[in-house]
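Quick note, the sequences are listed as chains A and B, same order.
The opening residue of the first sequence carries number 95 in the working numbering; numbering runs sequentially from there.
The opening residue of the second sequence carries number 95 in the working numbering; numbering runs sequentially from there.
Backbone N, C-alpha and C define an ideal beta-carbon position, used for all residues, glycine too.
Quantities reported herein were computed from a predicted structural model and do not represent experimental measurements.
There are 2 protein chains.
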Amino acid sequence: MSARILVIEDNADLAQGIAYNLKLEGYDVRITPDGRAGLDEAVRWKPDLILLDLMLPGLDGFEVLRALRGDGSRIPVIILSARAEEADKVRGFKLDADQYVTKPFGVLELLERVAALLRRTGHTATPREETLTFGDVRIDLACRTVAKAGQEITLPPKAYELLLALVRRHGAVISRHDLLREVWGYGASVVSRTVDTHVAELRRKLEDDPTTPRHILTVWKIGYRLHS
Amino acid sequence: MSARILVIEDNADLAQGIAYNLKLEGYDVRITPDGRAGLDEAVRWKPDLILLDLMLPGLDGFEVLRALRGDGSRIPVIILSARAEEADKVRGFKLDADQYVTKPFGVLELLERVAALLRRTGHTATPREETLTFGDVRIDLACRTVAKAGQEITLPPKAYELLLALVRRHGAVISRHDLLREVWGYGASVVSRTVDTHVAELRRKLEDDPTTPRHILTVWKIGYRLHS
DNA sequence: GCAGTTCCGACACAACTTCGTCACCTCTCC
DNA sequence: GGAGAGGTGACGAAGTTGTGTCGGAACTGC
Chain A
95 MSARILVIED NADLAQGIAY NLKLEGYDVR ITPDGRAGLD EAVRWKPDLI
145 LLDLMLPGLD GFEVLRALRG DGSRIPVIIL SARAEEADKV RGFKLDADQY
195 VTKPFGVLEL LERVAALLRR TGHTATPREE TLTFGDVRID LACRTVAKAG
245 QEITLPPKAY ELLLALVRRH GAVISRHDLL REVWGYGASV VSRTVDTHVA
295 ELRRKLEDDP TTPRHILTVW KIGYRLHS
Chain B
95 MSARILVIED NADLAQGIAY NLKLEGYDVR ITPDGRAGLD EAVRWKPDLI
145 LLDLMLPGLD GFEVLRALRG DGSRIPVIIL SARAEEADKV RGFKLDADQY
195 VTKPFGVLEL LERVAALLRR TGHTATPREE TLTFGDVRID LACRTVAKAG
245 QEITLPPKAY ELLLALVRRH GAVISRHDLL REVWGYGASV VSRTVDTHVA
295 ELRRKLEDDP TTPRHILTVW KIGYRLHS
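The following block contains the structure:
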């Protein structure tokens, strides 16, 4: 049985996007657009994890969380907030939130945290692989480390997330647009060479011969593709 | 239930052509020829996706989009524009368009983008086939790769799309005119050797003996036909 | 502040597309 | 069945477009 995740978020598009990605991971997902309904659903449906926006119509996120904890519920909660302010963060943790993620965030990062939190709380629903490999490259998800031919390689955060995005859809073509959205969390497409720059970095560090890549391939006019 | 698509486009021929192809894909399609009516329809019918021309009588495309977003609507929008100017593009994305396609465009490309966008927003209406084959050639749609006898072959964008167009109507004769329209988005009365050139490329790469093609056949004075 | 990282624009280059030419082939008509 | 007309295949040159790369600016965490 797959883990149940409740998304309490009023921005429908964002909620849909998150839900889509969570479903792809095999989770059972429900969405509620406001605090009151979210609280009801949390009590009735008993999800294994809650993603909670702070800015909500009706009851705001803090109140939802307080009400939940007041009932003695120990459901793990990840707060999604537009505000990075320390005060909010502290307030969130005081109310026993488990994670605090500030927008804009990469979907991959969120998925990673969800998986980690579920693992920790024992709902290891989809026993995900702890390591991924292609060619002579091995990625250790838990340690967040990458090794090529046994040799550990340091990748900056963005490069690492980009690599994850490529590996997750291993084999399929992914457009720059999608990569920007998944890794950077940009709304719409931005014209920039950012993706290319980071791809170049990955090639430099992971390919035997960066000038003739054998794994991180360019698909003309479309994007990139990872090939084992 | 099939996804609903609203086409706001004043060029009746173009709109009909697009609608025809979308319906073939199984979508529920409506057309409105001007901005005001389009906006009304968008609000009342609540489509899952909107194809929006910029040059419209009455309200222009930008205004329609602004009005939509102003209402808080998050319906995905693909802008169809005759102008490729960067300024328009930026303006479109500023108003939160999801895609920006410049005319002339191939219908296949448009279908591809529509499917991708619907998939992303969760309206994964038609779980499309993953691979297509004829003879010893296999086309992997997700990877956008073509393999002959297990050997991977690289095809440039136009050649790939041309191949898709032929495979889609596998067995039937397709005129150069239709191919130009579907793949290139050219209107009627365009004469050019472009199709022939790309067919030659496909034969060179996919036929055992390119001089006596067994799959990509010429139909005299008509066009081409794909035979398994 | 300093080192590391991220982002962006400029430029050169490479891949791709298109077009023109010529030879050859298919069909038609006599 | 041969000659002519017009369609098609092959090839290469020119033009167009997208990508790789590099260096610097802005930013962040220490």
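Rounded to whole angstroms, the Cβ separation of L256 of chain A and L296 of chain A is 7 Å, and the two are in contact under 8 Å.
For E295 of chain A, the secondary structure class from DSSP, reduced to helix, strand or coil, is helix.
Cα atoms of L205 of chain B and L211 of chain B: separation of roughly 10 Å, rounded to the nearest angstrom. If you look at A241 of chain B, you'll find it in the beta strand (DSSP E) that goes 239-242.
Beta-bridge pairing by DSSP links G317 of chain A to A:S269, A:V313. Only residues of its own chain outside the window of five on either side were considered, and among them I99, V101, A113, L116, K117 have a CB closer than 7 Å to the CB of V123 of chain B, listed in chain order. Within chain A, the residues W314 have their CB atoms less than 7 Å from the CB of P250 of chain B, given in chain order. A direct Cα-Cα distance of roughly 16 Å separates P151 of chain B from D107 of chain B. Rounded to whole angstroms, the Cβ separation of A176 of chain B and M149 of chain B is 6 Å, and the two are in contact under 8 Å.
The C-alpha of A243 of chain B lies about 31 Å from the C-alpha of R270 of chain A. Within the model, the alpha-carbon separation for G265 of chain A versus T291 of chain A is close to 21 Å. Rounded to whole angstroms, the Cβ separation of I172 of chain A and L153 of chain A is 18 Å, and the two are not in contact under 8 Å. Chain A has a Cβ within less than 8 Å of the Cβ of T215 of chain B. In summary, the residues of the segment 164-192 of chain B whose CB is separated from some CB of chain A by less than 7 Å are R168, F187, D190, A191, D192, in the order they occur in the chain. Looking at the DSSP output, R232 of chain B sits in a beta bridge with B:T227, B:A241. When the beta-carbon positions are compared, G129 of chain B and E103 of chain B stay at least 8 Å from each other. Between I247 of chain A and A259 of chain A, the gap from beta carbon to beta carbon reaches 8 Å or more. L133 of chain A carries a helical assignment under DSSP once its states are collapsed to helix, strand and coil. When DSSP reads this structure, L189 of chain B sits in no beta bridge, so it has no partner. The DSSP-derived three-state label of L146 of chain B is strand. The beta carbon of R319 of chain A is closer than 6 Å to those of V267, L311, V313 in its chain, skipping five residues each way along the sequence. Residue-level contact check: R319 of chain A touches chain B, since one or more beta carbons of chain B fall below 8 Å from its beta carbon. Closest in alpha carbon position to T196 of chain B, among B:K188, B:D190, B:L202, B:E179, is B:E179. Interface flag for Q110 of chain A against chain B is set, since a Cβ pair is found closer than 8 Å. When 8 Å is used as the limit between beta carbons, A236 of chain A is near no residue of chain B, the shortest such separation being about 28 Å. In this structure, DSSP gives Y194 of chain A an extended state, which the three-state scheme calls strand. Around the beta carbon of G155 of chain A, 16 or more other beta carbons lie within 10 angstroms, which makes this residue buried. The Cβ of A210 of chain A sits no closer than 8 Å to any Cβ of chain B. In this structure, DSSP gives I169 of chain B a state outside helix and strand, which the three-state scheme calls coil. With fewer than 16 neighbouring CB atoms inside 10 Å of its own CB, E224 of chain A falls in the exposed class. Look at L174 of chain A here: in three-state DSSP terms it is strand. Pairing R275 of chain A with K315 of chain A, the inter-Cα distance amounts to about 18 Å. Using a Cβ-Cβ cut-off of 8 Å, A106 of chain A counts as an interface residue toward chain B, since at least one Cβ of chain B sits closer than that to its own.
For L174 of chain B, the closest C-alpha among the options B:S167, B:R168, B:G186 is that of B:G186.
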